[in-house]
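Everything on this sheet refers to the single structure shown next.
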Amino acid sequence: MRRVFGLDLVRAIAIIMVVFSHVAWIIPKNKGLLLDIMSVFGLLGVEIFFVLSGFLIGRILYRLYVFEDFGFSSVFYFWVRRWFRTLPNYYLVLLINIGVAVYVGAILPNNLWTYALFIQNFSWRMPAFFMESWSLSIEEFAYILGPLLLFSAGFIKTRISKSKMFLYVTLLVILLFIATKVIYNINEATRTLIHWNESLKAVVIYRLDAVYYGVLAAYISIVKTRLWKSTKYVSFALGVMVFTGLNIIMLMKGIRINEHPFVWNVLYLPINSMAILLMFPLLSEMKTAPQIISKPITSISLTSYAIYLLHNSVILQLLQYFVPANSFSGFDTLVYIMVYLSIVVLSSYMLYRFFEKPMTRLRDSNFIKNRFI
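Mapping of the sequence shown onto the numbering used here: position 74 corresponds to residue 82, and the numbering continues sequentially without gaps.
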């Protein structure tokens, strides 16, 4: 598949935001606003990943559902391809996290087995172990839910076209998981950002809509192509305005969760996702760029999954164990950060080059196709 520079750019920006949010843990704690901004970067970077993932799988699913004889074999075909893309890295890094925890003397969670099934944060708080995995659980369940709903829709006797049915299923998922956030807001008494981060933002049953804003964008890009292309500049400007404006207002005005729980619990994440969606018409049409720009962006994009899995729970934890960052200040802290980033880049490239890439290619082999597809 030919790469699209704009989507590589999205992926590169998202992973840079996530990594630099954890660089904030190295910086001395008296930096105030800088640390607040860097911390928000991590949250927003993952939200960008969700919408991008939804956009990519949405385009695949739409074509499978509308243009082919869609049945359970189609669903299984989709799952196998996604699993070869996501599961090998995940399980390898899960094992590495277990090894790191044992080595540094950290306590492993009692429900470690739940990580194997991606249910460590299904409807409850996830333990403080392999923290990056919360978003992978959300994505995996999003991959399962949408195709199953589309398959189930085939048993409904209706004159609705398959294209419209795809749209209705997508909107149903979005509305359903906005509703779960409303229910959370009604029933949840604790009003702190730490609790919000652990009990809503990172919990599967409240977050699957984050991926389906991207699926909605995929639908619009295919069905409303003329609108998608003709409004791309206006749409991008509006998306940037809403995205930056919302987060600046939330940060600068000090909109606190204990005073405005509905804003945080129900509105904040969906508005960010919709703003990101608005940027995609322009970004998805940016097919190429000069090599001096495209080459590093593509490299970061290709290794972004490996970077995401390794950069914090494995690399930063080990680095802090051997050389605690709080023993440095000033220029020494800068050197520490550069060493950390260098290790992240090198180790992520190794994981991508020698494990992730071969495993992803394996899904297209005749051996796999003949047995699973």
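Don't be surprised by glycine CBs; every beta carbon is placed ideally from N, CA and C.
1. Between which residues of its own chain and residue 148 is the CB-CB distance below 6 angstroms, once the five residues before and five after are set aside?
2. Count the C-beta pairs between the segment 104-112 and the segment 187-206 that are closer than 8 angstroms, then say yes if the count reaches three, no if not.
3. Please classify residue 70: is it buried, with 16 or more other beta-carbons within 10 angstroms of its beta-carbon, or exposed?
4. Identify every run of the beta strand (DSSP E) within the segment 137-225, keeping only runs that are complete inside it and at least 3 residues long; order them along the chain.
5. Between the beta-carbon of residue 50 and the beta-carbon of residue 222, is there less than 8 angstroms?
6. What residue range is occupied by the uninterrupted alpha helix (DSSP H) comprising residue 298?
7. For residue 238, count neighbouring Cβ atoms within 10 angstroms of its own Cβ and tell me buried if that reaches 16, exposed if not.
8. Using a threshold of 8 angstroms, state whether the C-beta atoms of residue 278 and residue 340 are closer than that.
9. Report the option in 302, 204 and 188 whose CA atom is closest to the CA atom of residue 266.
10. Just to confirm, is the Cβ distance from residue 66 to residue 176 under 8 angstroms?
11. In chain order, what residues of the same chain have a beta carbon less than 6 angstroms from the beta carbon of residue 101, not counting five sequence neighbours either side?
12. DSSP state of residue 236, grouped into three classes?
13. Roughly how many angstroms separate the alpha carbons of residue 251 and residue 283, rounded to a whole number?
14. In angstroms with no decimal places, state the Cα-to-Cα distance between residue 132 and residue 231.
15. Helix, strand or coil for residue 261, going by three-state DSSP, please let me know.
16. Where does residue 366 sit, in a helix, a strand or coil, going by DSSP?
17. Starting from residue 105 and walking both ways along the alpha helix (DSSP H), at which residues does that stretch end?
18. Compute the distance between the beta-carbons of residue 4 and residue 305, then report whether it is under 8 angstroms.
19. Please classify residue 296 as buried or exposed, where buried requires at least 16 other C-beta atoms within 10 Å of its C-beta.
20. Using the C-alpha atoms, what's the distance from residue 378 back to residue 29?
21. Just checking, does the segment 71-91 make contact with the segment 167-175 on the three C-beta pairs under 8 angstroms criterion?
22. From residue 187 to residue 376, what distance separates their C-alpha atoms?
23. If you compare alpha carbons, which of 117, 356, 342 and 313 is closest to residue 323?
24. In terms of residues, what are the limits of the alpha helix (DSSP H) holding residue 339?
25. When you compare only the Cα positions, how much space is there between residue 261 and residue 255?
26. According to the Cβ coordinates, are residue 313 and residue 327 closer than 8 angstroms?
27. Quick check on this structure: which residue in 199, 289, 241 and 292 has the alpha carbon closest to the alpha carbon of residue 270?
28. By a C-beta neighbour count over all protein chains shown, 10 Å radius and 16 as the cutoff for buried, is residue 19 buried or exposed?
Working from what's here:
1. The beta carbon of residue 148 sits closer than 6 angstroms to the beta carbons of 126 from its chain, once the five residues preceding and following it are set aside; these are given in chain order.
2. Output reads no: the segment 187-206 does not touch the segment 104-112.
3. buried
4. none
5. no
6. Run containing residue 298: none; DSSP gives neither H nor E here.
7. exposed
8. no
9. 204
10. Going by C-beta atoms, residue 66 is not nearer than 8 angstroms to residue 176.
11. 317
12. helix
13. 5 angstroms
14. Computed Cα separation, rounded: 38 angstroms.
15. coil
16. DSSP places residue 366 in helix when its eight states are reduced to three.
17. Unbroken alpha helix (DSSP H) run through residue 105: 80-112.
18. The question about residue 4 has no answer, for the chain in this structure spans 9 to 381.
19. With fewer than 16 Cβ atoms within 10 Å of its Cβ, residue 296 is classed as exposed.
20. 43 angstroms
21. yes
22. Computed Cα separation, rounded: 39 angstroms.
23. 356
24. 339-359
25. When only Cα atoms are considered, residue 261 and residue 255 end up about 10 angstroms apart.
26. no
27. 199
28. buried
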